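Numbering (numbering that gives the first Met the number 0), first residue to last: 0 to 788.
Even for Gly, the Cβ is constructed at its ideal location relative to N, Cα and C.
Since the model is a prediction, treat every value here as computed from it, not as a measurement.
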Amino acid sequence: MENRKNRDHMLVNLTFKKVVDQYKERLKNEVNNFKKLYISSILRYADDNEELVSGIKEDELHTYEDSINVLLSDLFPAALTLNEIKAATVPFSNHIFNKTERLKNLLKDAGDDFHFDIMPNDSFDTFRMSCAIILDKYYHKSIDISRPLLVVIPDIKGADRTYRVTYNADFIDIELNSEDHGLSENDIKQLLRSPDDNQLWKRNFPDGSYTFHGFGIITFTDVTIDAAISDLKTILLDVSSTETNQTDKIESIFRNIFNLEHLKVGFTSFDHFEKTFESNLYSASESYILGESQERHCDSTLCSDSYQQLIINSEPLIITDVENYASKIENKFLTDNLLKNGFKSAIFYPITKSKKLIGVLEIVSKKVFALNSFNVLKIESVAGYIKAALIRTEQEYQNSIKALIQTECTSIHPSVQWKFEREARRLIKAKVHHLKSEPFKDIGFPDIHPLYGQIDIVGSSDARNKAIKQDLLNQLDQVCEIFTFAKKHEKLPIYDQISYRVLAYRKDIDNDIIDANSERDIIKLLREEINPVMKHLLKLPLEVSELVKGYQAQVETNSGVIYKERNNYDTSVQAINEALTSAIDKRQQEAQQIFPHYFERFKTDGVEHNIYVGSSITVDQDFNVVYLYNLRLWQLQTMIEMENKFYSIQENLPSVIEAASMILVFDNTLSIRYRIDEKRFDVDGAYNARYEVVKKRIDKAHIKGTEERITKKGKIAIIFTDKETEREYLRYISFLQHNNLLGKEIEHFELEDVQGVVGLKALRVSVLYNIEITEGTLSYDDLVKELQV
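Written as structure tokens, this is what we have:
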């Protein structure tokens with residue numbers, strides 16, 4: 000028996016009695032004569048070496064080496080000695096013995112100067128682990144408060160290998176040396192409640208309180224790959240580490256995973272818009288695809304087979320013998336880069352996000368066949384972590400792009416976002432690579448088909464003026480009534496003077512449309528002369544004061560004017576516009592499925608919208624005129640739906656408002672450009688400016704030879720210039736008439752010239768309304784009657 004330094008709570012009696020006892024128990028139950036003979040011989044051997052049962056000192060282990068080996072032969076079978084990594088140990092010490100041949104070989108390869116601590120003397124974990132065994136074996140409390148034990152052993156190449164240590168205490172018995180040191184149930188509960196209280200545990204397990212009889216068995220399991228994956232995960236999540244330091248650590252980890260020295264790891268980003276490989280802007284990692292280049296198109300970088308494998312199929316490109324591979328292909332850019340740097344085998348592993356390639360993980364070796372299809376499986380075990388880190392990096396990159404676009408261009412429609420991202424990428428790359436600083440360029444889209452439509456409130460200015468006039472008349476009438484009653488109680492001349500002026504103003508605006516000057520004069524009279532007198536009138540008898548209170552309740556505090564009818568009109572317009580924009584935004588999501596296009600809409604007195612579609616809007620889809628035809632039909636159907644929405648929402652609004660709809664069909668393509676200085680889209684070039692002129696003026700254009708405007712309430716006007724367009728829209732109208740959405744009568748007109756634009760023609764057709772207030776469809780006149788009921 001001996002006292003172990005830093006483990007003073009326990010004494011150790013190194014004995015193999017429990018193994019002998021197990022042999023004795025087996026002999027009683029064994030029926031096989033051969034096995035009985037074997038066990039009997041082991042027991043006789045134990046009798047001849049009784050000190051192995053009674054206990055030996057640690058420094059005597061080498062004396063009994065052969066005897067221990069015989070006694071533990073069942074626990075350490077010779078057939079497994081080159082496979083298992085295993086040894087016996089003095090309880091809770093670093094002293095191991097009876098090692099398997101594989102463990103001996105590992106320690107030999109590690110070198111003479113290697114020393115590892117399985118049970119660190121100063122470790123509280125080691126102390127608690129031994130206490131847990133006492134609680135388990137002596138107090139029958141099945142608990143596990145230890146942490147996993149890991150040791151690192153360098154291999155013959157000097158590469159660190161990580162092993163998990165499993166401790167087997169089956170051959171240890173515990174003895175309490177003094178009842179004074181025994182633990183009560185409350186003591187044990189307190190310990191379990193405070194597993195990290197060092198002082199509490201030390202007090203409950205004092206020096207020399209227990210004796211450990213027996214020995215332990217430790218088993219080593221190679222978990223180098225698991226540990227490497229864990230380390231890799233930690234590094235990839237550590238945003239604080241430097242780029243170079245992070246790259247070095249990742250290379251070291253991959254060498255452990257592949258168990259290959261001189262392994263190199265790189266990464267190349269992929270821009271799926273430009274179809275280019277580019278160096279990683281946010282990492283110091285090498286690019287073995289690009290070599291000394293910063294950016295290359297994938298067609299000029301890869302041969303056709305490599306392109307198909309890596310880009311199209313998103314499958315790993317495995318080159319086991321670079322020289323042999325190079326001899327079979329025409330495009331040798333990739334293989335020349337590898338051979339130039341002495342790399343003989345390589346794996347290029349695609350990293351994808353939403354089925355799109357975002358980059359390529361590169362693992363290269365200077366040894367032929369070192370990298371092959373078998374060890375690709377090891378990459379797959381860590382690919383998820385790499386992908387998460389790269390997506391995070393890509394997201395940071397995208398955030399930088401979006402921030403730049405937001406600064407330079409404000410909000411951009413998703414359909415053209417890609418082209419703005421391309422320009423932002425160009426600027427960011429130039430900054431990272433210290434190239435010449437350039438401004439954000441205008442973004443152009445040539446050869447675009449425009450579609451324009453609007454649903455406009457008819458006579459909005461007149462309607463608003465009418466509402467203002469009605470409010471003023473109402474307010475002046477109330478003022479007259481109040482002063483009439485006031486004169487009954489106070490015969491003040493000022494009441495007659497104010498009443499005279501009010502009646503004069505009322506007569507003027509009742510006979511004519513109010514203009515800005517008369518409105519301003521009336522409001523000045525109300526605010527500066529009449530409203531202050533009202534405070535005095537509140538002191539008159541109830542008959543007058545009640546009228547004044549009712550008047551003041553209608554007057555807006557800031558303006559001093561009644562705005563009831565105008566507020567009703569504005570509320571109705573706002574509600575209608577919100578409903579229309581919501582409807583077209585929802586339908587627009589469906590239209591994008593026809594073909595991606597640029598879309599914008601504006602709220603005025605009504606809603607207008609622009610659509611631009613063509614091959615230059617998209618990055619990876621071929622445009623066909625059939626998509627244009629579909630969008631034109633979609634637009635006409637949407638205008639009918641918006642007409643229905645315009646009137647259906649008015650059932651619960653205070654004012655009835657009328658609308659007229661129009662579609663402008665521009666027969667030629669044009670170019671649009673986002674102007675950075677103005678932060679908006681505009682047509683590009685003098686010829687294309689004709690389109691903007693027509694768009695701004697056409698809703699006020701007259702039918703040729705008349706004073707009638709082409710836009711008319713209850714109807715949709717379609718403006719165009721050539722016969723082919725007319726035939727196209729007549730087909731659409733016929734289809735919609737068949738579906739009971741448009742009326743049967745179609746009007747054909749020529750229009751007056753609009754600022755030099757000649758030859759404009761129009762179709763006009765009535766809308767049939769399908770709204771919830773009635774069954775079936777209604778003409779416009781019937782609809783208005785229903786709303787006014």
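DSSP three-state assignment for residue i, whether helix, strand or coil
i      : result
PHE276 : strand
PHE214 : coil
GLN453 : strand
ASP172 : strand
VAL381 : helix
HIS747 : strand
LEU10  : strand
GLU489 : coil
GLY549 : helix
ASP221 : strand
VAL531 : The amino acid occupying residue 531 in the given sequence is Pro; Val does not appear at that position. Three-state result, PRO531: helix.
MET118 : coil
LEU316 : strand
Pick from the options that is closest to residue i, judged by C-alpha positions
i      : options                        : result
ILE350 : ALA325, VAL381, VAL367         : VAL381
ILE593 : ASN629, ILE317, ILE497         : ASN629
LEU149 : GLU528, SER326, ALA227, ASP169 : ALA227
ARG730 : ILE497, LEU632, GLU657         : LEU632
THR724 : GLU24, LEU627, SER39, LEU309   : LEU627
TYR137 : PRO147, ALA158, GLU178         : GLU178
GLN21  : PHE33, SER372, VAL52, THR300   : VAL52
ASP304 : ALA325, SER284, ARG295, SER286 : ALA325
GLY213 : ILE187, ILE55, GLU260          : ILE55
ASP58  : ILE95, ASP73, LYS23, ILE648    : ILE95
VAL69  : ASP46, ARG696, LEU546          : ASP46
GLU542 : LEU491, THR483, LEU191, ILE583 : THR483
VAL501 : SER183, ILE481, GLU489, LEU491 : ILE481
LYS23  : TYR37, THR334, LEU42           : LEU42
ALA582 : GLU518, VAL547, PHE645, GLU555 : PHE645
HIS608 : VAL363, SER660, ILE133         : SER660
Residues near residue i in its chain [Cβ-Cβ closer than 8 angstroms; skip 5 each side]
i      : result
VAL222 : LEU149, THR161, TYR162, ARG163
THR218 : GLU83, ILE84, LYS85, VAL164, THR165, ASN167
SER141 : ASP135
TYR63  : ASN48, GLU50, LEU51, ILE55
ASP495 : LYS486
ILE67  : PHE15, LEU51, LEU60, ALA87, PHE96, ASN97
ARG586 : TRP633, THR637, GLU640
Counted within 10 angstroms of its Cβ, other Cβ atoms place residue i as buried (16 or more) or exposed
i      : result
PRO194 : exposed
HIS448 : buried
THR710 : buried
ILE521 : buried
ARG202 : exposed
PHE368 : exposed
THR241 : Any reading at THR241 is ruled out, since the residue's pLDDT is 47, under 50, leaving its predicted position unreliable.
PHE269 : buried
is_contact[residue i, chain D] using C-beta, thresh 7 angstroms
i      : result
GLU329 : Here there is only one protein chain, and chain D is not present.
Contact check, residue i vs residue j, beta carbons under 7 angstroms
i      : j      : result
ILE252 : ASP230 : yes
CYS297 : PHE276 : yes
SER129 : ASN176 : no
LYS797 : HIS271 : Lying outside 0 to 788, the shown extent of the chain, residue 797 is not represented and no answer is given.
ILE740 : ILE639 : Inspection of the sequence shows that residue 740 is occupied by Leu rather than by Ile. Against a cut-off of 7 angstroms, the Cβ pair of ILE639 and LEU740 comes out as a contact.
GLU260 : LYS343 : no
TYR348 : LEU337 : no
LYS703 : LEU663 : no
ILE328 : SER372 : no
GLY605 : ILE454 : yes
TYR267 : SER286 : This sequence places Thr at residue 267; Tyr is not what is there. The answer is yes: Cβ separation under 7 angstroms.
LYS563 : ASP461 : no
GLU174 : THR210 : yes
Cβ-based neighbour list, residue i, same chain, cut-off 7 angstroms, excluding 5 preceding and 5 following
i      : result
PRO653 : ASN567, THR570, SER571
ASN93  : ASP116, ILE117, MET118
PHE75  : LYS85, ASN97, THR99
Chain-order list of residues whose beta-carbon lies under 6 angstroms from that of residue i (same chain, five-residue window excluded)
i      : result
LEU803 : Nothing can be reported for residue 803, as the shown portion of the chain is limited to 0 through 788.
PHE622 : GLY613, SER614
ASN102 : First, the residue type needs correcting, since residue 102 is Leu and not Asn in the sequence shown. Excluding sequence neighbours, LEU102 sits near ILE84, ALA86.
LEU191 : none
The ligand COA heavy atom lying under 6 angstroms from the CB of residue i
i     : result
ASP58 : Among the components modelled here there is no ligand, and therefore nothing to report on the ligand COA.
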